[in-house]
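Going by UniProt numbering, the sequence shown opens with residue 1, and the numbers climb by one from there.
Report on one structure; see the data block that follows.
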Amino acid sequence: MSRYKSATLRTRMIDIQFKDLSYEVQIGYRGQKKQILKDLDGLFKAGELTAIMGTSGAGKSTLLNILSGLQQGKLTGKIDYIGNEGVQNLNRYKKDSCYIQQTDCLYDLFTVQESMMIAAYLKIGNVTHTFRQMLTDSILKTLNLTKTKDTRTARLSGGQKKRLSIALELIGNPPIMFLDEPTTGLDSLASLQCVSALQTLAKTGRTIICTIHQPSAAIYQMFDHIYLMVDGQCMYADKPGNTVSYFAQQGFQCPKYHNPADYMLEVVNGEYGNYDTQLIAAAKHYCERTVTPLKQRMIKEASFDERNVNVLSKLKPPSEMMRFMVLLRRCILLLYRDWTLTHLKVIMTFFVAVLLGLLFEHSGDDGSKTISNFGFLVISVMYVIYTTMIPAVLKFPLELAILRKERFNNWYQLKTYYIATLVTTLPLQILFSLIYSSITYVLTNQPMEWNRFFMFLLILALTSFASESVGLGLGAIFNPINGTFFGAITVCAMLSLAGYLVFFNHMPVILYYVSYVNYFRYAFEGMVQAIYGFQRENLRCPSNVEYCHFRIPSIILEELSMSKPMFWIDVSMLFGWFVAIRILVYASLKRRLSKL
Ligand SMILES: Nc1ncnc2c1ncn2[C@@H]1O[C@H](COP(=O)(O)OP(=O)(O)OP(=O)(O)O)[C@@H](O)[C@H]1O
Numbered sequence: 001m002s003r004y005k006s007a008t009l010r011t012r013m014i015d016i017q018f019k020d021l022s023y024e025v026q027i028g029y030r031g032q033k034k035q036i037l038k039d040l041d042g043l044f045k046a047g048e049l050t051a052i053m054g055t056s057g058a059g060k061s062t063l064l065n066i067l068s069g070l071q072q073g074k075l076t077g078k079i080d081y082i083g084n085e086g087v088q089n090l091n092r093y094k095k096d097s098c099y100i101q102q103t104d105c106l107y108d109l110f111t112v113q114e115s116m117m118i119a120a121y122l123k124i125g126n127v128t129h130t131f132r133q134m135l136t137d138s139i140l141k142t143l144n145l146t147k148t149k150d151t152r153t154a155r156l157s158g159g160q161k162k163r164l165s166i167a168l169e170l171i172g173n174p175p176i177m178f179l180d181e182p183t184t185g186l187d188s189l190a191s192l193q194c195v196s197a198l199q200t201l202a203k204t205g206r207t208i209i210c211t212i213h214q215p216s217a218a219i220y221q222m223f224d225h226i227y228l229m230v231d232g233q234c235m236y237a238d239k240p241g242n243t244v245s246y247f248a249q250q251g252f253q254c255p256k257y258h259n260p261a262d263y264m265l266e267v268v269n270g271e272y273g274n275y276d277t278q279l280i281a282a283a284k285h286y287c288e289r290t291v292t293p294l295k296q297r298m299i300k301e302a303s304f305d306e307r308n309v310n311v312l313s314k315l316k317p318p319s320e321m322m323r324f325m326v327l328l329r330r331c332i333l334l335l336y337r338d339w340t341l342t343h344l345k346v347i348m349t350f351f352v353a354v355l356l357g358l359l360f361e362h363s364g365d366d367g368s369k370t371i372s373n374f375g376f377l378v379i380s381v382m383y384v385i386y387t388t389m390i391p392a393v394l395k396f397p398l399e400l401a402i403l404r405k406e407r408f409n410n411w412y413q414l415k416t417y418y419i420a421t422l423v424t425t426l427p428l429q430i431l432f433s434l435i436y437s438s439i440t441y442v443l444t445n446q447p448m449e450w451n452r453f454f455m456f457l458l459i460l461a462l463t464s465f466a467s468e469s470v471g472l473g474l475g476a477i478f479n480p481i482n483g484t485f486f487g488a489i490t491v492c493a494m495l496s497l498a499g500y501l502v503f504f505n506h507m508p509v510i511l512y513y514v515s516y517v518n519y520f521r522y523a524f525e526g527m528v529q530a531i532y533g534f535q536r537e538n539l540r541c542p543s544n545v546e547y548c549h550f551r552i553p554s555i556i557l558e559e560l561s562m563s564k565p566m567f568w569i570d571v572s573m574l575f576g577w578f579v580a581i582r583i584l585v586y587a588s589l590k591r592r593l594s595k596l
């Protein structure tokens with residue numbers, strides 16, 4: 001343990017140097033170009049805690065996003081990532097860094113310890129469970145989170161959540177950490193604790209860069225390097241302790257007892273006149289810092305136990321298969337703990353099934369109630385479609401921020417996450433379909449034949465798979481409000497072309513052919529064929545009814561234009577829809593994640 005504890009205190013050292021860095025964006029399609037970063041020079045050193053400061057809209061986040069590789073586009077200039085092995089390329093270096101967003105993207109239903117262990121299993125492959133526990137304990141201790149180990153993340157304070165976000169990324173021992181406004185939303189004590197934790201981590205050789213708004217005087221002095229920006233240009237780059245004397249040299253005397261950070265921002269905000277051009281020119285020399293060779297800095301720490309560097313440098317990421325197993329467990333645990341997703345839905349499905357069963361009593365075997373039985377089949381299909389599509393629309397928008405963070409920080413590949421969610425949700429859909437089918441099928445007196453029951457169940461389950469896929473697709477493309485709106489419109493449009501409300505033989509020819517691309521059609525047709533197809537015997541006609549027009553199954557099928565035995569084609573079409581939509585969802589999710 002003690003050996004490991006010291007190991008966490010050391011990492012590889014990488015400097016980031018950029019020269020003449022410019023970045024522009026195009027506003028709208030064929031719109032004007034806007035230059036956001038203008039010929040920036042700078043050097044962010046390993047072992048230092050750097051703060052990028054500036055007025056709102058100065059380009060702080062843009063610079064952070066570009067250096068981290070999160071934002072790409074029309075970029076000119078040079079960015080070098082200089083390690084002991086020499087200058088590295090962006091792809092190699094991206095694996096060595098992590099990005100901590102302003103909002104804390106955590107799963108509310110896990111405790112701190114569980115979140116840490118899941119991250120440890122997703123990031124490290126070649127160590128034992130005990131080693132992972134020691135590692136997470138050591139990180140939690142460094143970030144002063146040991147007391148919150150058994151607390152669910154939803155109940156953590158803002159500062160604790162921020163430190164947990166940092167702790168999760170520390171598991172991979174990244175030499176470079178980017179943080180977007182880590183103190184936003186925190187009170188002064190929590191901000192101080194957060195920056196103090198970052199200071200500790202920087203001392204171990206990491207390059208830590210964060211954007212920050214108006215820090216207090218105490219926090220300002222905790223940084224090793226301040227990089228001040230105004231309108232995409234650098235206006236000051238030096239130690240915080242030199243701020244007052246630097247601005248005094250430029251003719252701006254900071255009043256006594258005034259926070260130098262506030263004074264600096266007042267100057268750049270033009271409160272003492274507009275001297276931007278003069279200050280930017282004067283700062284040019286400071287922004288281009290000289291590189292101290294890393295080896296010289298390493299010698300200062302040579303007394304450190306070199307064996308321990310080896311412990312962490314030998315940590316390897318796990319295989320995608322192992323990550324898949326971890327994600328699968330995480331998805332199952334989330335489903336189990338999310339009361340509304342599973343427990344409530346099981347109870348609701350049970351009650352709805354009993355209600356519909358009682359409402360449509362005997363409609364399955366009574367020739368005088370065949371029209372009611374169509375109603376039962378339509379409601380069954382609609383129930384499954386709505387209860388799977390709408391929750392699915394909300395799934396990705398809610399998880400997108402977490403997914404984006406974990407993907408960008410190399411926790412796993414998108415396909416691994418995608419397959420794990422698919423494998424977890426399908427059995428659940430089968431379970432809901434089974435509960436619904438077994439209750440309603442018996443209560444509505446559908447034909448008591450096992451093969452018909454399984455065909456009924458198969459169609460319902462496939463309909464729920466396809467509907468969930470459509471819902472996920474809408475969620476991957478739109479925000480939750482637009483997604484549910486488009487979901488409702490899609491259901492209405494598909495419902496009118498499904499052959500229930502307007503029979504196929506009553507449809508205009510063009511719309512009849514359009515209905516072939518509608519999976520509701522196959523769901524309804526499959527249900528009707530399962531109940532009335534396959535040479536079913538005539539239905540009974542009660543003695544108190546004079547004439548039952550729809551007691552002969554062949555007449556029913558003919559009236560609905562479903563005489564041809566289409567059941568297995570319906571099954572194949574539903575399955576095809578499910579597969580095709582799933583592939584499209586994957587592609588849209590990938591595209592969405594590639595954008596900021
Ligand atoms: N894709 C884009 N299209 C158009 N303008 C953009 C785009 N990205 C950034 N900008 C503009 O570039 C400027 C810098 O944005 P950035 O988010 O980097 O500023 P910031 O310093 O982080 O601001 P804040 O402190 O308010 O978050 C802003 O004026 C912003 O509107």
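Here a beta-carbon is modelled for each residue, glycine too, at the ideal position from N, C-alpha and C.
Keep in mind it's a predicted model, so treat the numbers as computed, not measured.
The segment 21-34 makes no contact with the segment 93-112; the number of CB pairs closer than 8 Å stays below 3.
For the pair of segments examined, the segment 38-45 was found to touch the segment 219-234: the number of CB pairs separated by less than 8 Å reaches three.
By the neighbour-count criterion, in which a residue is buried when 16 or more other Cβ atoms sit within 10 angstroms of its Cβ, Asp150 is exposed. Using a cutoff of 7 Å, the CB of Thr183 does not count as near ligand 1, since none of the ligand's heavy atoms is closer than that. Taking the Cβ of Thr62 as the reference point, at least one heavy atom of ligand 1 falls within a distance shorter than 7 Å. DSSP places Tyr275 outside both helix and strand once states are collapsed to three, so it counts as coil. Here Gly241 carries a helix assignment [DSSP, helix/strand/coil]. Gly159 is positioned such that its CB atom lies no closer than 8 Å to that of Ala120. DSSP places Val381 in the uninterrupted alpha helix (DSSP H) bounded by Thr370 to Phe408.
The residues Ala530, in chain order, have a CB closer than 6 Å to that of Arg452 in the same chain once the five nearest residues on each side in sequence are set aside. Counting only runs of 4+ residues, the alpha helix (DSSP H) found wholly inside the segment 32-81 occupies 60-68, in chain order. Restricting attention to Gly367, Ala580, Ala283 and Ile459, the CA atom closest to the CA of Trp568 is found in Ile459. For Thr211, the shortest separation between its Cβ and any heavy atom of ligand 1 lies below 7 Å. Scanning its chain for C-beta atoms nearer than 8 Å, with the 5 sequence neighbours on each side dropped, one finds around Tyr272 the residues Phe252 and Glu266, in chain order. According to DSSP, Phe178 shares a beta bridge with Tyr99 and Ile209.
Straight-line spacing of the CA atoms in Ser433 and Gly471 works out to 17 Å. Distances taken from the Cβ of Ala51 to the heavy atoms of ligand 1 include none shorter than 7 Å. Short note on Val230: C-beta not closer than 7 Å to any heavy atom of ligand 1. Note: Phe18 is bridge-paired with Gly42 and Ile79 in the DSSP secondary-structure output.
A direct Cα-Cα distance of roughly 47 Å separates Gly241 from Tyr417. If the five residues before and after Leu359 are omitted, its C-beta is found closer than 6 Å to no C-beta atom of its own chain. With a cutoff of 8 Å on beta-carbon distance, Thr183 and Thr142 are scored as not near each other.
Looking from the CA of Ile332, the closest CA among Lys74, Ala420, Pro255 and Gln72 belongs to Ala420. Excluding five sequence positions before and after Ser368, the CB atoms of its chain that fall closer than 7 Å to its own CB belong to Cys541, Pro542, Val545 and Cys548, given in chain order. Using a 10 angstroms sphere on the CB of Pro255, the tally of other CB atoms stays under 16, which defines it as exposed. The three-state reading of DSSP puts Gly499 in coil, since its state is none of H, G, I, E or B. Contact annotation: Met573 and Tyr512 have beta-carbon atoms that are not nearer than 8 Å. Taking the Cβ of Ser433 as the reference point, every heavy atom of ligand 1 lies at 7 Å or farther away. A direct Cα-Cα distance of roughly 7 Å separates Pro317 from Asn126. A residue is called buried when at least 16 other Cβ atoms come within 10 angstroms of its Cβ; Tyr519 meets this threshold and is buried. Below 8 Å, too few C-beta pairs join the segment 500-509 and the segment 423-430 to call them touching: fewer than three.
Judged by DSSP in its simplified three-state form, Tyr513 adopts helix. Not one heavy atom of ligand 1 lies closer than 7 Å to the C-beta of Ile100.
With a cutoff of 7 Å, Ile489 does not count as near ligand 1, since its C-beta is closer than that to no heavy atom of the ligand. Per DSSP, Val326 is one residue of the alpha helix (DSSP H) stretching across Glu320 to Arg337.
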